[in-house]
């Protein structure tokens, strides 16, 4: 079914671009909607709390504040636990896994999408130290996947033309575009979104995809831009700037000197150390709490989320009391005003419990939405407005809370927590520098930005995409060398300790992820060594009952077909090819069997099949073996497998080095790889390798003696010790 | 030699990053040097010519002007013809071919580099309608390649540590970074450079490369930025803005309406039509003139270049006389000045032969360096300063001259000619729009920019990288939707007619380039069908004389090694693996042969070899068969090939579909692919496939009946009719 007509190709192109456009449009709108909802819900919460505080009813204010937070988080957690369990967390590991070829059911379902959207509004507006950036990537991917399969199959919304996209490749391309759109919407960074998808999310990259992904993010950028203009006309309630991290410092051609080099290097090292420490502790907490929660059930998960929300509320309401009130800087005061200038509702000067003309700098960090805190930390020309102690308290608290929070059953992104922690110590570094050099050329806000870059680099280990995202946020190319240096150092330092966070989470979730390169110990094995278990095969003309039995008793998705000379024509049995479980199920369902076992009768038998019946349905759908019911007479009939056999599967000889076999499997994106015998005696096929046979843990359990050599080399330099061909 | 020690891995990392840094540094410096040289040489030429014209000695002025042009171009052509023939043209097809795996000697040699640098100064300063952008890509790649092999081997400058980079993969990575650096230097677009390398130049892309390429372009950006600051202090002679195309229109948040949509679509279509027409005519001219020049020899090439230079001089000096003089706009006049304001030396108002207070708009286009012309065409707020007739004359002339010029024996880039033509008709479109709508919101300069985008898209068929380059040039994100739309349309229209220009040139140069996807007709063939010619193989223990003879008589680079049971142990001959010509030559050179033909004696024999002796030398270097001299006694001795045999080559079964074989070969970047027999009788290997066996022309000559079906489908939709796995 690959030889399409010209009109069909045209339809295909139209459908492809339309769907990509829709992905961009919807992701942009959803992102904008989330921003609006978060800003308005959180805004109302703060307005009422502050009103109570202004009348000195502090206890009531705290009850209101923490109550709203706990209710919002509970709502998010309940949705996550009962409706869409896969919507918890950031979703980026799931998207990565899908694009690596791991097709888990319901990862991109409509349920997941809705829970992700509503849940992330709840968790962000509920004051948790989480962001909506990571979830937006998942949201974009969900939207893309749903459009790709023509709406939700479960709810019966499909569209005929979209049959063209019902194959793995087009669905994967679309999901990649969706992930790019998510990042673009989160940071208003179209180029950064594409590079994020390219660097972090995808496992295979095709040329035409670049252009399509960029088109998607451009659509998103236009939507977001239009939305912001619309908000400026006052249509958006309490949402001032649309809830985006905006830090435009363009038109500031600062010239930074060499004395900035040392603090920048130190920031990079700090980012690497703190980031990899974050990864390590967070992984440990998640592994520990996962084991604990499994025993306790669903309510425990919700309770955990609510407790974290309560702790966060206590911290953000309680800790600002530790800070001393400070007088507002006179240079900024507006004549006749008793309150500090606050640049609208946001700004560094929260009065909190302080008297008029004083402000509480710690409240400016804690008692705010996360986006506003980021803006305050990044703000330029505000040197000295934060006290050293306040920043330190905030750093320690935010770091601890982020550790606790990432992993509970709510949609939670990690970009914002990382930016918060990084910006806090970055600003501390800026204050130290200012106390040494006086007012140097570099602002504390810039140090905060570089600190954020270092923590992101140290934790997530992305490079180009982070750099471009930050450049697009700041719109100032003169910072490029410093941002690159910081990212380079923090990534290198972090890589010395452990893997990137998403990587660790892929491993915690036990996803059979195929890395780009084979591990070094695989060079000591051959393809044959990875095969375990007996080979299950079919004859070219097989008894229906046998097929049914095999499909019931095994979980394999592909079976070799062997011409075993049942009629004694040839001498040796010959390997014909592979047949897929899904195709066999379609054949069994149709029940068009032959009564006798003879060759050549097969082709008429398939006259009534159209190629569309064999097309791949959406994930998790399609026929199951339990759907098939046959009577005894039918089981004794025969099925000619020739027409559905893939006669050109990729093969390797059993003596092939496993490392090279891995490269072949990974580069070509295979699901099944046939291993052929070296000599011609015996069976014509030795076995079939699948993704699971290449998992390092599986192989190392088979060959424990290799564990030592693997550990010694692979761990320290995973990317350098295994150079393979291009 | 893959199991390195830890200190060696550290050395490797240091060397890798240092070399990447050096590539960026040197490319940036060279690009800056070229800019300075061009601006100063061309500037002096114009100063003296204008001085002569001001005293009404027009004939003498023309003689001087055309003489200087012809001498400069002749110099460039002579260098190209006698010193570095591979430096002619833009060099992008050569870089593409190298990164596709075609390793031609001397493409990146020091000679080529020097000729490219000096030659492109000559051709650009000599007034030809060529740019220095394309050559800069080649320059970057040359620098990278030379650094990768540790300086020029021929001139004896090598460095020991660089042995780490002496393998195909690292050299290729470095050349990719070099190409990215070239674009970054040409357009001051670091992100655009990386994406250009990713989209247009490379055939394989590895994750870590993204970061390294970006690091390189960031270094380039810093260098160029520093250079411009340095020039502003007046160190650069006549070079005002460093010869860069600068068109910063940031901070102009224009809001464009829907009435701009139609002209933008028309521009896209025009770009597609004119661009693909350009490709078609240019290819025809080059094929025709190549055939003609082959007969005439080297002098004809130089003569051709000089003639083109003369024609260009006549056009650029003669045609401005056709334009009527126009009064300078009074709003811009500086009180007390009789000449038009010219914003320094550049600007739209060239007086040429006009009296005071008048200017010649056509001279502002023709009688300028190409960069200044681009700046004039792009200039904003200059509506109505060009006449319709002038722009039309310029468009026709520039288009024709560009067609003539690209292909002569001088370094010549195509970006600038494409921008010139595109900007000309874009500005015409802007004038048409202005005459319909009055002064609409969109400036003529913006139309010129969109026109340039459309011609670039229609001719080169790049998308993302062009878009980013233009965005980085203009620094204005609000143009993004229009630029994308124009590129999308012009690429689509152009693809309807023919392939992109670089693609066509790859084909004209007869480079065995492997496309990303197999052509559809390959599905009708098997791997066995592509094999021609008898198989040449070696026994595991082979007579030295036989090896020598085979190496002399064939040109193969790899030979299968077969255990043919010379001592009668086994029954069937067994395929052992592949041995490389280069390794055989090293063995022959060392002359450590065994006297008798027996197994097992081989391993001692290699005690005296170090792995470095087998390492790949720079391109075109290394041992040749003519270097080997053996006496008759030695020829009768034996060589054990076991230790140098690659026992895990990639294989396919002979019945494998050729399309899938192609995918395997291309995705894994193989040089040799072994085809194994289906049945176990006969030879244990059927043949070896190399890059040449996958060339469509070769296959279609073997199977002419497939030509028809290939033509019908593949031509119209080359990228859609062959979907293959990821």
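Chains as they are written, first to last, in our numbering: chain X, 1351 to 2076; chain R, 1351 to 2076.
By construction, the Cβ of each residue, glycine as well, lies at the ideal position given by its N, Cα and C atoms.
These numbers were taken from a predicted model, which means no experiment stands behind them.
query	result
Minimum Cβ-Cβ distance from residue 2007 of chain X to chain R less than 8 Å	yes
Under the three-state DSSP convention, the category residue 2080 of chain X falls into	Since the displayed chain X opens at 1351 and closes at 2076, residue 2080 of chain X lies outside it and no answer follows.
Span of the beta strand (DSSP E), counted from its first residue to its last, around residue 1989 of chain R	1988-1990
Buried or exposed (CB count within 10 angstroms, at least 16 for buried), residue 1738 of chain X	exposed
In DSSP terms, what residue 1929 of chain X is bridged to	X/1909
Contact the stretch 1851-1866 of chain R vs the stretch 1827-1834 of chain R: 3+ CB pairs below 8 Å	no
Residues bridged to residue 1888 of chain R (per DSSP)	R/1911
CB-CB length for residue 2016 of chain R against residue 1864 of chain R, believed under 8 Å	5 Å
Segment contact, 8 Å Cβ cut-off, at least three pairs: the stretch 1523-1530 of chain X with the stretch 1780-1788 of chain X	no
Against chain X: residues of the stretch 1833-1847 of chain R by CB proximity under 7 Å	1834
Among X/1481, X/1384 and X/1412, the one whose alpha carbon lies nearest that of residue 1751 of chain X	X/1481
Residue 1406 of chain R versus residue 1792 of chain X: straight-line alpha-carbon distance, rounded	57 Å
Bridge-paired residues (DSSP) for residue 1708 of chain R	R/1677
Where residue 1991 of chain R meets chain X, residues with beta-carbon distance less than 8 Å	Residues of chain X passing the Cβ test: none, with the nearest at roughly 17 Å.
For residue 1616 of chain X, the first and last residue of its enclosing alpha helix (DSSP H)	1611-1646
Contact belief for residue 1797 of chain X with residue 1808 of chain X at Cβ below 8 Å, rounded distance in angstroms	With 8 Å as the limit, residue 1797 of chain X and residue 1808 of chain X do not qualify as a contact, their Cβ atoms being about 16 Å apart.
Cβ pair residue 1533 of chain R, residue 1543 of chain R closer than 8 Å	yes
Whether residue 1312 of chain X touches residue 1673 of chain X by CB criterion (8 Å)	In the structure as shown, chain X starts at 1351 and stops at 2076, and residue 1312 of chain X therefore has no counterpart that could be examined.
Positions along the stretch 1793-1819 of chain X whose CB lies within less than 8 Å of some CB in chain R	1813, 1814, 1817 and 1818
Rounded separation between residue 1648 of chain R and residue 1455 of chain R - CA only	20 Å
Contacts that residue 1928 of chain R makes with chain B (C-beta to C-beta distance below 7 Å)	Given the protein chain composition of this structure (X and R), no chain B is represented.
Nearest-angstrom Cβ-Cβ length linking residue 1547 of chain X and residue 1529 of chain X, presumed shorter than 8 Å	5 Å
Cβ neighbour criterion (16 or more within 10 Å) applied to residue 1883 of chain X	exposed
Check whether residue 1426 of chain X and residue 1473 of chain X have beta carbons under 8 Å apart	yes
Residue 1431 of chain R versus residue 1719 of chain R - alpha carbon distance	25 Å
Own chain residues within Cβ distance below 7 Å of residue 1953 of chain R, not counting five before or after	Here residue 1953 of chain R scores only 46 on pLDDT, less than 50, and its place in the model should not be relied on; the value that follows carries that caveat. 1993, listed in sequence order.
The stretch 1649-1678 of chain R: positions lying closer than 7 Å to chain X by Cβ	none
Reduced DSSP category for residue 1694 of chain X - H, G, I as helix; E, B as strand; rest coil	For residue 1694 of chain X, the predicted model reports a pLDDT of 42, less than 50, meaning its position is unreliable and no value from the coordinates is stated.
Residue range of the unbroken beta strand (DSSP E) whose run includes residue 1544 of chain X	Careful: residue 1544 of chain X lies outside any beta strand (DSSP E), inside the alpha helix (DSSP H) at 1540-1546.
Where residue 2024 of chain X falls: helix, strand or coil (DSSP)	strand
Own chain partners of residue 1758 of chain R with C-beta closer than 6 Å, once the 5 adjacent residues on each side are dropped	1654, 1655 and 1658
Residue-level contact to chain X via CB, residue 2001 of chain R, 8 Å cutoff	yes
Cβ-based neighbour list, residue 1359 of chain R, same chain, cut-off 8 Å, excluding 5 preceding and 5 following	none
Residue 2055 of chain R, buried or exposed, once every other Cβ within 10 Å from all chains shown has been counted against 16	exposed
Exposure of residue 1887 of chain X, with buried meaning 16 or more beta-carbon neighbours within 10 Å	buried
Within-8 Å CB hit, residue 2010 of chain X to chain R	yes
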